[in-house]
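Our numbering numbers the first residue of the sequence shown as 1 and each following residue consecutively. All C-beta atoms in this analysis are idealised placements derived from N, C-alpha and C, irrespective of residue type, glycine included. None of the values given here were measured: they were computed from a predicted structure. These notes are about the structure you will find just below.
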Amino acid sequence: MRPTLTMPALTKFVDGTGPVWTGNLFPFLFITIACGAVSGFHALISSGTTPKMLANESQACFIGYGGMLMESFVAIMALVAACIIDPGVYFAMNSPMAVLAPAGTTDVVASAAQVVSGWGFSITPDTLHQIASEVGEQSIISRAGGAPTLAVGMAYILHGSLGGLMDVSFWYHFAILFEALFILTAVDAGTRAARFMLQDLLGVISRG
């Protein structure tokens, strides 16, 4: 399994003119990579549930460093999934609808293809229709947020690496389900950590 990366290392939008992201590359790039570290979620987990599972303090470094390595692995996999998608398709999926098809546009797909092609990433309406049909969606235009992009990339990787065992739409919806479960487990972990911290805090106030 060695997917071909089609997204160039840098595009003209590195200057911060959008359309997916409008703003300076730095420091936004590092904020994106840091992910939950910026929100404080890592600190919440490492100070809440993790210490209760350690036999001694010497294990903290191994678990903390190993956890960040695994998160880096997940980040690389997500990056690969996005980069195997044709750049024209990627920008059609992640650009705002107002940019791709202004109000009053009758043929949204044709308008999106024309706008994205004008940015230097050639794409046709037929290609956009074909991909939407393959993944089982009515349209893939302006499906921003990252989740659909990851799902499309994962679907084509799994479909190709497993010799077409299942069709692309199966793997696409499998990836969507995987992402939903991933988010739910993160929310569950955060809720449990909040409960533990509240319990510890109230235990200091009232030991009854």
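- Its Cα nearest to that of residue 190, the residue 49 stands out among 88, 49, 115.
- Nearest neighbour of residue 46 by Cα position, chosen from 26, 196, 11, turns out to be 196.
- Straight-line spacing of the CA atoms in residue 159 and residue 96 works out to 28 Å.
- Within the same chain, Cβ atoms closer than 7 Å to the Cβ of residue 81 are found at 150, 153, 154, 157, the five residues on either side in sequence being excluded.
- In the displayed model, residue 22 falls within a strand according to three-state DSSP.
- Rounded to whole angstroms, the gap between the alpha carbons of residue 77 and residue 171 is 16 Å.
- For the pair of segments examined, the stretch 111–127 was found not to touch the stretch 175–195: the number of CB pairs separated by less than 8 Å stays below three.
- In its chain, beyond the 5 residues on either side, 113, 116, 117, 121, 122, 123, 127 have a beta carbon closer than 8 Å to the beta carbon of residue 88.
- Restricted to the stretch 63–144, the alpha helix (DSSP H) segments that are unbroken, complete and at least 4 residues in length are 87–94, 97–100, 108–118, 125–135, listed in chain order.
- Judged by DSSP secondary structure, residue 188 falls within the alpha helix (DSSP H) whose first and last residues are 168–205.
- If you compare the alpha carbons of 52, 105, 30, 147 with that of residue 183, the shortest gap goes to 147.
- Residue 202 and residue 140 have their alpha carbons spaced roughly 49 Å apart.
- The continuous alpha helix (DSSP H) containing residue 161 extends over residues 147–161.
- Taking a contact as a CB-CB distance under 8 Å, the pair residue 79 and residue 92 does not count as one, their CB atoms being some 19 Å apart.
- Comparing alpha-carbon positions, the option among 198, 186, 55, 53 lying closest to residue 71 turns out to be 186.
- Excluding residues up to 5 positions away in sequence, 6 lie with their Cβ nearer than 6 Å to the Cβ of residue 86 in the same chain.
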